[in-house]
Amino acid sequence: MNLSQRHDPDQDPTSSWTVPLGRDRAAGAIRSEAPIPEPGPQPSPQPSPQLGPQPGARPGARALLVPLLAGGLLALALGVYGRLHTPTGFAVGPAGFSGPLAMKAWFTTGAFVGALVQVGSALVMYGRLPVARPPSWIGGLHRWSGRVAFLLTIPVAFHCLYALGLQYDVARVLVHSLLGCFFYGVFTAKMLALPKPDVPGWGLPVLGGLAFTALVGLWLTSSLWFFTVMGVKF
């Protein structure tokens, strides 16, 4: 090859990378002269807001405070009235019964049956019984059985408070009187807690269970005693 031959860059295949290489070096030199910012303190990340109740807070339990307070005051007021009121010894009883004791025994039995229906329908609605699909009428049955059971207790409570008062001489009568005051107190708490949307899930079942337990105790200390001692009669 003749060294004196003129080199043509257009015919040299290596000429395609000689120029970009120079440009890259020049660009690198410019970039090397630019100041590099020193890393400063980074802002601390803001904590994301936590949805729902904070640890230790119980808004659902606080929702039961007013209903429980109202129910407790009502139970206390009934007990005080039954104790301070002078018993009359008589009260107006519905026709068809031989006496007020028979009326009280059968009305309390009817309320007890209504409470059993309430518990059974509640178990169906809460899915505690092996029912594939709760029927559409189960909600109405639950509500009306509770209403009928409560209405049947009104004449009984009126007779007990107005005619007899709160007595503590006999153990059975004392337990019956205390259970009656407790029943109306816990029933009031349940009714006041029922429309509250923030009541915890265990609130209504617990209050309903306490009301049912009190009503069972009332039936055992009154109706069962009457049917056992006086016989099954109207």
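Numbering of the sequence shown is given in the working numbering, commencing with residue 85 and proceeding in unit increments. Glycine included, each C-beta is placed from N, C-alpha and C at the ideal position.
As for any alpha helix (DSSP H) of minimum length 4 sitting wholly inside the region 247 to 300, the runs are 255 to 277, ordered along the chain. Look at R227 here: in three-state DSSP terms it is helix. Counting every other CB atom within 10 Å of its CB across the protein chains shown gives M187 a total of 16 or more, marking it as buried. Apart from the 5 residues on each side of it in sequence, H169 sits with its Cβ closer than 8 Å to the Cβ of L245, Y246, G249 in its chain, given in chain order. DSSP places W309 within a helical segment (H, G or I) once states are collapsed to three.
Per DSSP, the continuous alpha helix (DSSP H) segment holding G204 begins and ends at 184 to 209. By the criterion of a C-beta distance shorter than 8 Å, R256 is surrounded in its chain by T305, W309, once the five residues flanking it on both sides are discounted. Taking the Cα positions, A159 is about 6 Å away from F266. The Cβ atoms of L185 and S205 do not sit closer than 8 Å to each other. Per DSSP, reduced to three states, the secondary structure at L245 is helical. Taking the CA atoms as reference points, F311 sits about 17 Å from L299.
Between A233 and L152 the beta-carbon gap is near 21 Å, outside 8 Å, which marks them as no contact. Take G230, set aside five residues on each side of it, and the residues of its chain with a beta-carbon closer than 6 Å to its own are Q202, in chain order.
When the beta-carbon positions are compared, L258 and Q251 come within less than 8 Å of each other.
A154 sits in a helix when the DSSP states are folded into three classes.
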